[in-house]
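Notes follow once the structure below has been shown.
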Amino acid sequence: MTRTKLAALAALALLLLAGCSEKDVPTFDVEMEDANQGSVTLDTAGGETVLSSVAEIPPSFPEDIPLPEGAVITATLDQKEQGNSMVAFDAEQPFDEAIELYQNYASEAGYAEAIPATIDSQMFWYSGTRGEEQLVITLNKDLERDGWVYGAVTYTSGAPE
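With mature numbering (1 follows the signal peptide of the UniProt record, and there is no 0) applied, the sequence shown covers -23 to -1, 1 to 138.
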């Protein structure tokens, strides 16, 4: 991920976090090991948020949630204290197969559709709940690379630490 994309991601997270509190202005550290991979850590009274372009699944992301075979992780978000995590990815997998992967997972894992899924020829969006847990899946057909899909899986445990 380029420095520009990482900075934009950090700015977006900063705005979101600032909007969630009345007086708390978050401070953050930028850790850059090289120009293509790095992370931004935002520390607030509500906890720590880590945005990363390092290709590793965050520790708080459930192991049972699948990623397409051969998925390349492009970005992650980890808000352990709030029970939130997200993995964004690219994968060389037909769009219909990626949709089927997540529809099957949500059904078998016991998620109930919270809002009717949106499916068209280029986009899939799913929001489901299981008890206090929430799962949001977005998939997009990559129009520049035939047979590729990109997306993000966001999970909220409903039970912050």
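Don't be surprised by glycine CBs; every beta carbon is placed ideally from N, CA and C.
- The C-beta distance from I42 to Y103 rounds to 12 Å, too long to fall under 8 Å, and the pair is not in contact.
- With respect to T51, P35 sits apart: the two C-beta atoms are not nearer than 8 Å.
- When C-alpha distances from E69 are compared across S62, A86, Y127, the shortest belongs to Y127.
- By the Cβ rule, the stretch 56 to 70 counts as touching the stretch 128 to 135, because three or more pairs are nearer than 8 Å.
- Bounds of any alpha helix (DSSP H) do not take in L112; it lies within the beta strand (DSSP E) bounded by 110 to 118.
- A distance below 8 Å separates the beta carbons of L116 and A75.
- Around the CB of D55, 16 or more other CB atoms lie within 10 Å, so the residue is classed as buried.
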